[in-house]
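Everything below concerns the one structure shown next.
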Amino acid sequence: MTKRHCFALDLKDDPNLIAEYKKYHSAEHIWPEIVASIKGSGIESLDIYLIGNRLFMIMEVNSSFSFEDKQTADESNPKVVAWEDLMWTFQQQLPWAKGDEKWLLMEQVFTL
1 MTKRHCFALD
11 LKDDPNLIAE
21 YKKYHSAEHI
31 WPEIVASIKG
41 SGIESLDIYL
51 IGNRLFMIME
61 VNSSFSFEDK
71 QTADESNPKV
81 VAWEDLMWTF
91 QQQLPWAKGD
101 EKWLLMEQVF
111 TL
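Heads up: the sequence shown at position 47 corresponds to 47 in UniProt numbering, and the numbers run straight through without jumps.
And the structure:
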């Protein structure tokens, strides 16, 4: 059984930076260590959508997934840390983010 989590984050409103961000997320440019980190944490599916400079991410996770375990693993993985630092050159916090929050978990308000 999977559970879905949805997140939002903004990119810097610069067409060149947005294009470069999209390039990094293409199949031929995504770092294999990032894919391995995602798959190894219990995330079964991860999709990112873009409109304007707003990103929307949908994660489907299995019962082994834990936000805390994922964060701990990411913080101890030099490739993930380097990827996150690189991605931050393209990203910016949402106006209501606190501290160093990046991707914000969205509240589900309707389902059918």
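Ideal placement from N, C-alpha and C gives every residue a C-beta, glycine not left out. Please read these numbers as outputs of a predicted model, since none were measured by experiment.
Asked	Found
Nearest-angstrom Cα separation, counted from Val-80 out to residue 136	Residue numbering for the chain in the displayed model covers 1 to 112; residue 136 lies beyond these limits and cannot be assessed.
Backbone CA spacing between Lys-23 and Ile-38 [nearest angstrom]	19 Å
Beta-carbon contacts of Asn-62 that lie in its chain and below 7 Å, excluding the five residues immediately before and after	Thr-2, Gly-42 and Glu-44
Spatial distance of Glu-28 from Val-35 (CA atoms)	12 Å
Runs of beta strand (DSSP E) lying entirely within the stretch 30–95, each at least 3 residues, in chain order	43–51 and 54–61
Nearest residue (CA-CA) to Met-57, options Leu-9, Phe-110 and Gln-108	Leu-9
Beta-carbon separation (whole angstroms), Leu-17 vs Phe-90, contact threshold 8 Å	5 Å
Span of the alpha helix (DSSP H) around Lys-23	15–24
Residues that DSSP places opposite Asp-100 in a beta bridge	Beta-bridge pairing links Asp-100 to no other residue.
Three-way DSSP call (helix, strand, coil) for Phe-110 in this model	coil
Element boundaries [beta strand (DSSP E), containing Ala-8]	3–11
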